[in-house]
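With my numbering applied, the sequence shown covers 1290 to 2077. Working notes for the structure below.
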Amino acid sequence: MKLLVTSTARWKNSSRVFRALLLSPFFLLGSLLGLDTIFPPPLPAAHGFARVVADRHGKPLRFFADNRGIWRYPITRDEVSPRFIEALLTYEDRHFYQHPGINPLALVRAAGQYLRNGHVISGGSTLTMQVARLLDPHHRTLTGKTKQMLRALQLEWHFSKREILDLYLNLAPYGGNIEGVEAASRLYLRKSAADLTHAEAALLAVLPQAPSRLRPDRHPHRAQKARDKVLTRLQTYGVWSKDEIERAQLENVYAERLEFPQNAPHLSRRLVETISDKEVIHTTIDGNIQRGLEDYLRDHMESYPHKTSAAVVVLENSDLSVRAYLGASHFGDGRRYGYVDMGRAIRSPGSTLKPFLYGLAIDGDLIHSASLLSDAPRIYGDYRPENFHRGFSGPVSATAALQRSLNVPAVQLLEHYGPGRFAATLENAGLSLQFPSGGKPNLAMILGGVGARLDQLTGIYAALARGGLAAAPRYLPETPLRERHLMSPEAAWITFEMLASNRSGSRRWRNLVRQTKADIAWKTGTSYGYRDAWAIGVTPGYTVGVWIGRPDGTPLPGYYGSISATPLLNAVIAALPGNKQQRLARPESIAKIEICWPLGGQKSLTQAEHCHQERHAWLIHGRAPRTLPPKSEPLHAAQTYRFFINQQGLRVKPSCMDSSAEKRSIALWPKELESWLPANQTRAQQIPRTAPECNAPTATSGTPLKIVGAGNGNQYRPTGNNAPLPRLNLSAIGGQGKRYWFVNGEPKGETLGTQNLELSPQNGQHQIAVLDESGNLDRIEIYVGIND
């Protein structure tokens, strides 16, 4: 009976042990799962991400450290040279793909070496264990080593070998605040880790062992000795050939002093602030162009006055990719407001909007390239436009008016096209205009009375070489090209040709055209008070925008577009690749045809006696719009005037003429241009007097206007050596209503009737003009002072 009880007890104990043994794996697994939940792997996201803005080829433009100050360039196994992976695994962990995170044999070997020698001979850490230590640092104690091994097993549980290798590639220390093989390769070797030589791959494989002691920029001899140790092991295991090892050993270790790139700093900062889901932001910037222009711009602007900065935008016309973006000439220099991004600043565009007005007017059949425009005094209520360069030129072609950037013809053209329509068209094409104090589109906008951004302005200028299609500049490769219609391909080509045919540029500009043998259209602009100087150039391949001025808005007297911004534009275009011998194809619907002034029609369709002057114009499908009439005074327009004359050559009206009366017609010039015409082409000379007994309708408004008190061509000198310059007392006879006086294009006062206007002109040549309320105009040229 006692034996039975004993057997039963033993059976029960054995059953308990069996159940414990059976349940222990599940208990262990549950414990591990609980610990894994409580202590998850501390992945890098917990520390924030370092950010990199890279150019179109992947080269870093600017690094942004994470919240611990670490510089890193994220990369994957597939983006690293196979040579580096071979060197790394051979030297650090040959059985990486076989072990479960720890290598028992390596640990036993390392422990035995330690016991025999009293110090560490070789480590037993696997690559996974190194990743574990990088993610969760520990003390070099038995407890710390145990924790490291558990973390390694945890990593192997959660991640694939490829993912663990990617973690090492991005977290391995390389000295200072540099982590990851790509950042080290870029900063030490100035190249991608995808392009490493055998020697460079071995060097970067060993540096994480002692990153501070082996830094190649500080300790090249130590680094080379450690590298050669790696090369020896690679030869021992037959990973690389003997020839490859020998060539690698011949390479001296050389690394430049660490300098983190600061290229395209304004654009890089903007992209990092607006794009939060990418560690590496790839841009469309061409790093070679960007770096070259940054160096050139900094040197170029050294000769400019203090507080002056500059901005440059370079677009490739094919897809509006931004190849270079310079928001300031001296980034970080507070004396030049180097932190202000002037590529996006709202500034007055000066005359840079004019080409679009001319192109749109051509598209709308208001003008052609040689249309007659009037550069003469005009009054628009309280607004009196002046030319940047002094005086008025009288009759000018549309091409000449655009090339010389004359203000009055542009205002005349905008009056016909409509300020609101013009602003809306530009807005639709991608140029957001800002009007002062919430104002509305007006005539002053064409002369710079509005705000615009350099980057957007450059984007719509590209339409001149893109068949009239504008688009927003593209900074990222994935950004879609959203094209907007600005004008027809024909109008775009003619506008481009009008600008490209300008021969008034500097010798440097003419040399650029001669050297490149390319089509280059360009336009300058200067805002009121010399606050902004602009130059924008378009080639078949690129569009370049340049701005120079003071970011604080203070004037820069004497610095305007053609003398300050144009030289910089020349240099940028000359430095761009692929610009030589590029031509812009002319649409088949365009032809150069002779037209006649003053009416503006084709010569072949104009009576010979109406063709006072001949011009050549680019016409679309042969259409030749007539010369624009003044909006307010249609009788002053260029027109065909028909009348009858009797046998005495006097003008008669139809109701009192006899059978001998003859019908005549003449071509009249716009009334405001009469003072620039030959005497035989004026209205007074062309239109016969009226027969006394048969009054005919008048062809003019009011009596001719005449300046009194000075004569055309007169010279006025001081009466003695120290005498002051003479004063002039001028008045006007004839005409109607109020008289408006201009000296060198600048308004100088108003008079009524025969009232005098006293002027005190300075030494030099002067143009004096007077305009009455009916549009009658008289003009004289005088010289004041001692004639040299």
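Just so it is clear, CB atoms sit at the ideal spot from N, CA and C, and this is done for glycine as well. Bear in mind that the values here come from a model prediction, so they are computed numbers and not experimental data.
(message) Let me confirm a value: W1446 is counted as buried when at least 16 other C-beta atoms fall within 10 Å, else exposed. Which label applies?
(response) With a 10 Å radius around the Cβ and a threshold of 16 neighbouring Cβ atoms, W1446 comes out exposed.
(message) Excluding the 5 residues flanking K1434 on each side, which residues of the same chain have their C-beta closer than 8 Å to its C-beta?
(response) H1427.
(message) Please classify P1846 as buried or exposed, where buried requires at least 16 neighbouring CB atoms within 10 angstroms.
(response) The residue is exposed, with fewer than 16 neighbouring Cβ atoms inside 10 Å.
(request) State yes or no: is the C-beta of T1813 within less than 8 Å of the C-beta of G1850? (result) Pairing T1813 with G1850 gives a Cβ-Cβ distance under 8 Å.
(request) Can you have a look at D1532 and say buried or exposed, based on whether 16 or more other CB atoms are within 10 angstroms of its CB? (result) Exposed, since its Cβ has fewer than 16 Cβ neighbours within 10 Å.
(request) Verify whether the separation of the beta carbon atoms of H1901 and A1860 is less than 8 Å. (result) Not in contact: H1901 and A1860 (Cβ atoms no closer than 8 Å).
(message) Is it the case that the region 1376–1386 contacts the region 1601–1612, given that we only count it when at least three CB pairs across the two stretches are under 8 Å?
(response) Not touching, per the Cβ criterion.
(request) Name the two residues that bound the continuous beta strand (DSSP E) containing S1663. (result) From DSSP, the beta strand (DSSP E) with S1663 extends over L1661 to D1664.
(message) Rounding to the nearest angstrom, what Cα-Cα distance links N2001 and R2068 in this structure?
(response) Across the structure, N2001 and R2068 are spaced so that their CA atoms are roughly 8 Å apart.
(request) Identify every residue that forms a DSSP beta bridge with T1813. (result) According to DSSP, which records beta bridges pairwise, T1813 is partnered with A1824.
(message) Closer than 7 Å to a non-hydrogen atom of the ligand MN - does that hold for the CB of V1470?
(response) What this structure holds is no ligand at all, so the ligand MN is not there to describe.
(request) In angstroms with no decimal places, state the Cα-to-Cα distance between G1680 and T2008. (result) Rounded to the nearest whole angstrom, the CA to CA distance from G1680 to T2008 is 27 Å.
(request) Go through its chain and collect everything with a Cβ distance to E1471's Cβ below 6 Å, but skip five positions before and after it. (result) Contacts found: Y1362, I1364 and A1482.
(message) I'd like to know if the region 1627–1636 and the region 1879–1893 are in contact, where contact means that at least 3 CB-CB pairs between them fall below 8 Å.
(response) The region 1627–1636 is not in contact with the region 1879–1893.
(message) So, with DSSP's three-state summary, where would you put H1503?
(response) Per the sequence shown, the amino acid found at residue 1503 is Leu instead of His. Taken through DSSP and simplified to helix, strand or coil, L1503 comes out as coil.
(request) Taking S2061 as part of the beta strand (DSSP E), name the residues at either end of that continuous run. (result) According to the sequence shown, residue 2061 is Asp rather than Ser. Note, D2061: beta strand (DSSP E), G2053 to D2061.
(message) I'd like to confirm the pairing. Which residues does DSSP put opposite S1598 in its beta bridges?
(response) S1598 is bridged to G1838.
(message) Among P1666, P1730 and H1678, whose alpha-carbon lies nearest the alpha-carbon of Q1701?
(response) Measuring C-alpha to C-alpha distances from Q1701 to each of P1666, P1730 and H1678 identifies P1666 as the nearest.
(message) Rounded to the nearest angstrom, what separates L1661 and A1913 at their Cα positions?
(response) Approximately 12 Å between the Cα atoms of the pair.
(request) With a cut-off of 8 Å on the beta carbons, I'd call W1958 and Q1974 a contact; round off their distance for me. (result) Going by Cβ atoms, the distance from W1958 to Q1974 rounds to 11 Å, so no, they are not a contact pair.
(message) Run through the DSSP bridge pairs and tell me what C1258 is partnered with.
(response) With the chain covering 1290 to 2077 only, the question about residue 1258 has no answer from this structure.
(message) Suppose contacts are defined by Cβ-Cβ distances below 8 Å. Is E1704 in contact with L1732 by that definition?
(response) Contact annotation: E1704 and L1732 have beta-carbon atoms nearer than 8 Å.
(message) Any contact between the region 2019–2037 and the region 2045–2064? By contact I mean 3 or more CB pairs, one from each, below 8 Å.
(response) Here the region 2019–2037 makes contact with the region 2045–2064; the two share three or more CB pairs at distances below 8 Å.
(request) Mind reading off the beta-carbon distance from D1821 to G2053? Whole number of angstroms is fine, and I expect it under 8 Å. (result) D1821 to G2053, Cβ: 28 Å. No contact.
(message) For K1643 and L1691, which I take to be in contact (beta-carbon distance under 8 Å), what is that distance rounded to the nearest angstrom?
(response) Rounded, the Cβ-Cβ distance is 6 Å, consistent with contact.
(message) Quick check for students: name the residue ranges of the alpha helix (DSSP H) that lie wholly in the region 1522–1577, counting only runs of 4 or more.
(response) The DSSP assignment places 1531–1539 and 1554–1563 as complete runs of the alpha helix (DSSP H) inside the region 1522–1577, in order along the chain (cut-off: 4 residues).
(request) Spell out a yes or no on whether the region 1538–1553 and the region 1571–1579 are touching, meaning 3 or more CB-CB pairs, one atom from each, closer than 8 Å. (result) Yes, the region 1538–1553 touches the region 1571–1579.
(message) Strictly under 8 Å for the Cβ-Cβ distance: is Q1891 near chain D by that measure?
(response) As a matter of chain content, chain D is missing from the structure shown, which is built from one protein chain.
(request) Express the C-alpha separation of T1768 and G1621 in angstroms, rounding to a whole number. (result) About 29 Å.
(request) In the DSSP assignment, find the unbroken beta strand (DSSP E) run with T2040 in it and report its ends. (result) Looking at the DSSP string, the run of the beta strand (DSSP E) that includes T2040 is E2035 to L2041.
(message) Between the region 1475–1492 and the region 1558–1572, can you find at least three pairs of beta-carbon atoms closer than 8 Å?
(response) No, the region 1558–1572 does not touch the region 1475–1492.
(request) Look at the alpha carbon of A1335 and the alpha carbon of G1748, and state the distance between them as a whole number of angstroms. (result) Note on A1335: pLDDT 45, under 50, position unreliable in the model; no value is reported.
(message) What residue range does the beta strand (DSSP E) around T1929 cover?
(response) Residue range Q1928 to I1934 is occupied by the beta strand (DSSP E) that includes T1929.
(request) Could you tell me which of R1872, A1874, R1904 and Q1871 sits nearest to C1885, measuring between CA atoms? (result) The shortest Cα separation from C1885 among R1872, A1874, R1904 and Q1871 belongs to R1904.
(request) Kindly identify the DSSP beta-bridge partner or partners of W2030. (result) Under DSSP, W2030 shares a beta bridge with G2038 and V2059.
(request) Note down the Cα distance separating G1465 from L1444, rounded to an integer number of angstroms. (result) A direct Cα-to-Cα measurement between G1465 and L1444 gives close to 26 Å.
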